Amino acid sequence: MTDPNVERKLVEIMRIISESDKPVGARLIADELHNRGYAIGERAVRYHLRILDERGFTQKHGYIGRTITERGKKELSDALISDRLGFIITRIEELIYRADYDLNTGKGNVIVNVTYIDKDDFDNAIDVVRYAMSQGATISSKIAVFEEDSTEFDIYVPEGQIALATVCSITFDGLLLKSGIPVSPAYGGLMQIENHEPEGFIDLISYNGTSIDPIKLFLRRKSTSVLQTFDTGSGKMLANVREIPAAAASRALEVMELAKKADIQGHICIGEPGEEVFYAPVSRGMVGIPVMAGINAVAAVEEAGIKVETLPVSTVVEYRRMKQI
């Protein structure tokens, strides 16, 4: 049976092909997938297209590209409506499982956000990222840079752009799971900061039942004031909340303290069983752990007037591949 994540990509590729009145090539499909939030390169697209050809859902027209067949149209129309509705939480849970960084050996993968920046703007953007990270805006001051046509870690970089990978706060969920602690991403939200300290969430979006990552929604709304927070001590920054069993709270604290030695930090606190944490609801028998989002440095770049495109919770990258900025 094909991996569910592969099936979602196959459905999205069929959608893209069906929306065109002429054959579509792998490069154009990869570009459009990128626009729709899928970090997938041209080589991977060709692999998926071969699967669709074998199933009779698409037809190849030489080097021109593919069109969707009648069988493919029927398959597309029969695709579950819920395919998108639960996509984000399913994708996050998959990445949590793949995030196998070992705090004791220093080996393994962390979850990253991927931001695409025009080459001409990259130096200025990095200056802002460096400043934001020096102010403690993210969970790690390590980054990875990928040039155009890169095929590393399935990160596709369009022509004329550079991809910047920053450590995503959902990495904490992977560390907790690897330590035997059941974990569930609960909310992405906007945290009010006062006197340089977290005051409380002023807006929350649940990861369940949404087709777009909550953090990406706040980025699109331009809801943050990260740079203002640095200057005045008061503003709005991105954060998220995960839930774990209350019985695992002390072990979770040990894991998070150990993570600091690997430059993975940013957790605010561990809440009390069943009680709100910074105004975020928590399920009975669980505790909430709010963590500042790793993407705050990128939000600062946008606030500085530099145009970027960001895919939160994008993929996993070997942590050793990332360098101190």
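Heads up: the sequence shown is residues 1123 to 1447, going by my numbering.
Even glycine gets a Cβ: it sits at the ideal position worked out from N, Cα and C.
Given the structure is predicted, the values throughout are model-derived calculations rather than measurements.
Boundaries for Thr1293: no beta strand (DSSP E) harbours it, while the alpha helix (DSSP H) harbouring it runs 1293 to 1300, taken from the DSSP string. When only Cα atoms are considered, Tyr1223 and His1183 end up about 44 Å apart. Ala1402 and Thr1189 have their C-alpha atoms spaced approximately 47 Å apart. Relative to Gly1147, the option among Leu1297, Arg1168, Arg1158 whose CA is nearest is Arg1168. Listed in chain order, the alpha helix (DSSP H) elements of length 4 or more contained wholly in the stretch 1326 to 1361 are 1336 to 1342, 1348 to 1354. Cβ contact annotation for Asp1385 (same chain, cutoff 7 Å, sequence separation greater than five): Ser1262, Ser1263, Lys1264, in chain order. Along the stretch 1354 to 1437, the alpha helix (DSSP H) occurs as fully enclosed runs of 4 or more residues at 1371 to 1382, 1418 to 1425, listed in sequence order.
The three-state reading of DSSP puts Asp1240 in strand, counting E and B together. When the alpha-carbon of Met1359 is set against those of Glu1425, Tyr1238, Ala1287, Leu1297, the nearest one is in Glu1425. Membership of Leu1174 in the alpha helix (DSSP H) is indicated by the continuous run 1164 to 1177. It is roughly 14 Å from the alpha-carbon of Glu1398 to the alpha-carbon of Ile1390. Here Met1444 carries a coil assignment [DSSP, helix/strand/coil]. At the C-beta level, Leu1433 and Ala1161 come within 8 Å of one another.
In this structure, Glu1376 keeps its C-beta atom at 8 Å or more from the C-beta atom of Tyr1238. Within the same chain, and ignoring the five residues on either side of Ile1428 in sequence, the residues whose Cβ sits closer than 8 Å to its Cβ are Ile1239, Asp1243, Asn1246, Ala1247, Val1250. Setting aside the 5 residues that flank it on each side, Asn1418 is surrounded in the same chain by Ala1254, Ala1259, Thr1260, Thr1346, Val1348, Met1359, Leu1360, each with a C-beta closer than 8 Å to its C-beta; the list follows chain order. In the three-state reduction of the DSSP assignment, Gly1184 falls in the coil class, being assigned neither a helical nor a strand state. For the pair Leu1312 and Ile1327, the Cα-to-Cα distance works out to about 9 Å. Taken through DSSP and simplified to helix, strand or coil, Asn1235 comes out as strand. At least 8 Å separates the beta-carbon of Val1420 from that of Ala1287. In terms of CA proximity to Arg1443, Asn1231 leads the group Asn1231, Asp1335, Leu1225. Taking C-beta atoms as the reference points, Asp1276 and Gly1163 count as a pair closer than 8 Å.
Within 10 angstroms of the beta-carbon of Ser1372 lie fewer than 16 other beta-carbons, which makes it exposed. If you look at Ala1285, you'll find it in the beta strand (DSSP E) that goes 1283 to 1289.
The beta carbons of Glu1129 and Leu1155 sit about 14 Å from each other, so the pair does not count as a contact at 8 Å.
Straight through space, the alpha carbons of Tyr1185 and Ala1308 are spaced by roughly 45 Å.
Around the beta carbon of Gly1407, a 10 Å sphere encloses fewer than 16 other beta carbons of the protein chains shown; the residue is thus reported as exposed.
Under the three-state reduction of DSSP, Gly1194 is assigned to helix. For Phe1352 and Pro1367, the gap between their C-alpha atoms comes out near 34 Å.
Straight-line spacing of the CA atoms in Arg1342 and Gly1322 works out to 21 Å. In this structure, the beta-carbon distance from Ala1369 to Leu1297 does not fall below 8 Å.
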